[in-house]
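A quick write-up on the structure given underneath.
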Amino acid sequence: MDKVGYHVQELRPGIWVIDEFSMDYIYVIEGRDQAVLLDTGTGTWDLRSEVERLVRKPYDVVITHAHMDHAGGIGQFETVHVHREDLPCFELPEEVNPVSVYKRHQYCDRALAAYGRDLLPFNPERLMPVDMSRITLVPYEDHTVFDLGGRTLESIQVPGHTRGSCCFLDKEDRILFTGDNFGKTLILPGPGTDRERISGWLAAAEELERRSGEFDLICSGHFCPLERSWFLDMLEGARRILDGTLHTGIWEADELLGPMYHYGNVYFTMDPENIRTRDFFRIRDVRHY
C-alpha cells in the first residue's frame, strides 16, 4: 500500500498551498525576487525539500502564530520570522510549548484520524525534538511588509488566538491569509472574561472588515478557501456576544464538544476544557479541515 505525501496545489501563479496530511495548510508565496513560506505545519515530514522543489529563489520563513500546527516545523530552518508578542511561546514548558514533541505528537491524531497509521509517511512516535539553539527567531511587528518583488505581504495583527496572531494580505493578488484568526471555530484561550477576549479580538478583526475591499480570496490555516460568509459570521457573532444576544450552549464543532457560542456557520470557544478534551476522531469529514 503506497504512503500518501504532501498534497500540493497551485492556487494562483506563484502561490501554492501544501496540505500536511489534513492537519493544516502551509502556503508558499513567490515574488519576482524572493518567496515566503507562510507557516511550517507540525514538522512531520520533509517540508524544506518540498519548498525548495517549488521555488528556486531565496525565501523567508514566516509564521502566523506560535502553535504546534503552524510553528512545529521550524526545526527544519535556520531563520524564522515570528511576531514579537509570540516569541515567549518558545520558552514555555514542554506541555504547552508549540515545538515540543509532546504537543506535536498530540496533534498528529488529526493525521491518524484522516489516513490511519499505515498510509502516513511518518511515525508520530518518532518525531524529533526541535533544537531551538540552532534557530534565529526574527521578530516582526504589526503592519510589517515583506516585499517579494512585484508582490507584497503585509502582516495585520489580530490578537486573541495568541497574542501575536497575524493575518497576511497579498495586495497584488487580493488574497488574505488568516492563519487561525478566522475559520469554522475561533479558539480564544487567553486571560480575562469571555467579553474581554471577544472584545480584544473584534477590535482588530474590524480593521480587516474595513479593508475587505482589498481581498477577494480568504485562505486560512485549515480552510482553503474560507467562505466569505464565515468571515462575516465571525464578526457578527462576536458583536452579538458583546451585546448579550448570543449565549453559550453545548455544541459539537469538529473535534470540539462542549460549551461554545454558535452563530451561523461558526463557533467560538473560550473554555479551556473544550481544548483539553478535543477528539480528532470525532470529525465527520476528516480529510477536509
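Each residue of the sequence shown is one higher than the last, beginning at 0 in numbering that gives the first Met the number 0.
Cβ atoms here follow ideal geometry from the backbone N, Cα and C, with glycine treated the same way.
Computed from a prediction, not measured in an experiment: that's the story for all the values here.
In or out: residue i buried (at least 16 other Cβ within 10 Å) or exposed?
i: N273; result: buried
i: E195; result: exposed
i: N122; result: exposed
i: E171; result: exposed
i: A202; result: exposed
i: M269; result: buried
i: R150; result: buried
i: E235; result: exposed
i: H287; result: exposed
i: E84; result: buried
i: G163; result: buried
i: R52; result: exposed
i: S228; result: exposed
i: T192; result: exposed
Nearest by alpha-carbon distance to residue i: which of the options is it?
i: G74; options: G159, E254, V100 and P92; result: V100
i: E19; options: L111, R31, V81 and E93; result: L111
i: D358; options: T244, F145, D68 and P128; result: What is shown of the chain runs 0 to 288, which leaves residue 358 out entirely.
i: W15; options: D1, L36, M22 and R31; result: L36
i: V50; options: H6, G182 and S164; result: H6
i: L256; options: R275, P138 and R239; result: R275
Can you round the beta-carbon distance between residue i and residue j to whole angstroms, since I take them to be within the 8 Å contact cut?
i: A252; j: I197; result: 17 Å between Cβ atoms; not a contact.
i: G42; j: G71; result: 4 Å
i: T63; j: G159; result: Actually they do not touch by this definition, with Cβ atoms about 13 Å apart.
i: L136; j: V79; result: 6 Å
So, for residue i: in the same chain, excluding its five sequence neighbours on each side, which residues have a beta-carbon less than 6 Å away from its beta-carbon?
i: D232; result: Y262, G263, N264 and V265
i: T143; result: S154
i: Q8; result: V16
Among the residues of its own chain, which have a CB less than 7 Å from the CB of residue i, if the five just before and after it don't count?
i: C166; result: I155, V157, L175, F176, T177, G178, N180 and L207
Going along the chain, which residues of its own chain have a beta-carbon closer than 8 Å to the beta-carbon of residue i, five neighbours each way excluded?
i: D215; result: R173 and I174
i: L147; result: I28, E29, G30, R31, D32, Q33, A34 and V35
i: L241; result: R194, I197, S198 and L201
Can at least three beta-carbon pairs, one atom from the region 261 to 271 and one from the region 237 to 253, be found at a separation below 8 Å?
-> With the rule of 3 Cβ pairs closer than 8 Å, the region 261 to 271 counts as touching the region 237 to 253.
Looking at C-beta atoms only, is the number of pairs between the region 155 to 162 and the region 48 to 56 that lie closer than 8 Å three or more?
-> Contact check between the region 155 to 162 and the region 48 to 56: fewer than three CB pairs, one atom from each, fall below 8 Å, which does not count as touching.
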